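Residues in the sequence shown are numbered consecutively from 0, following numbering that gives the first Met the number 0.
Structure, as structure tokens:
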Amino acid sequence: MERLNEFWLFKHNNRIYEGFTRIFVTEKVHPFYEKFWPAGHTIGWVESFILQLYHFLLAVKKGEEFKPNFYDGAVVNAIMDAVYESMKEKKWIKVKEVL
Numbered sequence: 000m001e002r003l004n005e006f007w008l009f010k011h012n013n014r015i016y017e018g019f020t021r022i023f024v025t026e027k028v029h030p031f032y033e034k035f036w037p038a039g040h041t042i043g044w045v046e047s048f049i050l051q052l053y054h055f056l057l058a059v060k061k062g063e064e065f066k067p068n069f070y071d072g073a074v075v076n077a078i079m080d081a082v083y084e085s086m087k088e089k090k091w092i093k094v095k096e097v098l
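As structure tokens, this is what we get:
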């Protein structure tokens with residue numbers, strides 16, 4: 000939550016432009032920025048949750064599946080469990096399959 004007004008995109012399918020690109024979301028080209036503050040101001044914790052809620056309600060309205068869902072959360076937890084076990088055992092641990 001340190002740098003809410005930017006994210007990093009990694010492209011690997013084009014040798015000329017391969018690598019990380021920093022994208023600022025506090026510019027007018029960002030699709031939701033006009034709903035918040037004037038240019039130059041940062042997006043904070045509250046705004047990020049407003050956008051999450053917006054996308055959730057939009058999915059409900061359209062009858063579409065919202066992502067991430069509970070299955071996605073279960074997969075993340077299975078990965079985290081394997082990481083913790085790997086740290087404890089000091090060896091590679093296979094991630095358990097999530098039903």
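In this text, a Cβ means the ideal position worked out from N, Cα and C, and glycines have one as well.
For clarity, every value in this text was computed on a predicted model and none was experimentally measured.
Could you pull out every residue in the same chain whose Cβ sits closer than 6 Å to the Cβ of residue i, ignoring the five residues on either side in sequence?
i     : result
TRP7  : PHE19, ARG21
ASN76 : none
PHE65 : PHE55, ALA58
ALA73 : VAL97
Hey, how far is the Cα of residue i from the Cα of residue j?
i     : j     : result
PRO37 : THR25 : 9 Å
ALA58 : LYS89 : 42 Å
LYS61 : GLU1  : 33 Å
HIS29 : MET86 : 39 Å
ASN13 : ASP71 : 29 Å
ILE15 : LYS27 : 27 Å
VAL45 : PRO67 : 19 Å
Would residue i and residue j qualify as a contact pair, given that the criterion is a beta-carbon distance under 7 Å?
i     : j     : result
ALA81 : VAL97 : no
ILE92 : GLU84 : yes
LEU50 : PHE31 : yes
Between the Cα of residue i and those of the options, spot the shortest distance and give me the residue it belongs to.
i     : options                    : result
TYR53 : HIS40, LYS34, THR41, PHE69 : LYS34
PHE9  : GLU17, ARG2, HIS29         : GLU17
In chain order, what residues of the same chain have a beta carbon less than 8 Å from the beta carbon of residue i, not counting five sequence neighbours either side?
i    : result
ASN4 : PHE23, VAL24, THR25, THR41, ILE42
Between residue i and the rest of its own chain, which residues show a CB-CB distance below 7 Å, the 5 nearest in sequence each way excluded?
i     : result
SER47 : LEU3
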